[in-house]
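>
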Amino acid sequence: MADEDRQNLRVPIVQSEALERKISACLRRWLGVPRSFSSIGLYSTGTKLQLPMKALTEEYKVTKTRQVMTLRDSKDAKVRGAKVKIRTGRKWKQRKQFKEA
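Position one of the sequence shown corresponds to residue 6 (this note's numbering), numbered consecutively onward.
1) In angstroms, rounded to a whole number, what distance separates the CA positions of Arg34 and Glu25?
2) Report all residues from its chain with a CB closer than 7 Å to the CB of Glu22; omit the five preceding and five following residues, and keep chain order.
3) Can you give me the C-alpha to C-alpha distance between Ala82 and Lys66, rounded to a whole angstrom?
4) Report all residues from its chain with a CB closer than 7 Å to the CB of Phe42; omit the five preceding and five following residues, and keep chain order.
5) Give me the Cα-Cα distance between Ser131 and Lys88, rounded to the nearest whole angstrom.
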């Protein structure tokens with residue numbers, strides 16, 4: 006497992022959401038839009054203002070789900086059978102979301 010993957014395992018979604026709020030606030034200031042301008046407006050792909058980035062929490066969830074899929078679908082039986090827990094915190098459980106999808 007790469008070092009960046011190990012680092013990614015330890016970050017709870019609460020910290021990711023806090024960082025996204027800070028990034029969104031800086032983007033609003035930089036673009037000169039009011040504080041009431043929604044995050045949907047900042048990160049949407051179907052609006053006139055389209056920034057070349059995604060919301061940080063969305064990237065966080067995609068990364069965690071990708072890690073679950075990589076472990077679950079590995080060709081190596083030992084990797085598939087390993088009981089690796091990917092920690093995401095209390096607010097969002099990637100295994101639950103993955104099963105629902």
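Using N, Cα and C, we set each Cβ at its ideal position, and we do this for glycine too.
Working from what's here:
1) 14 Å
2) Thr62
3) 25 Å
4) Arg33
5) A question about residue 131 goes unanswered here, because the residues of the chain that appear run from 6 up to 106.
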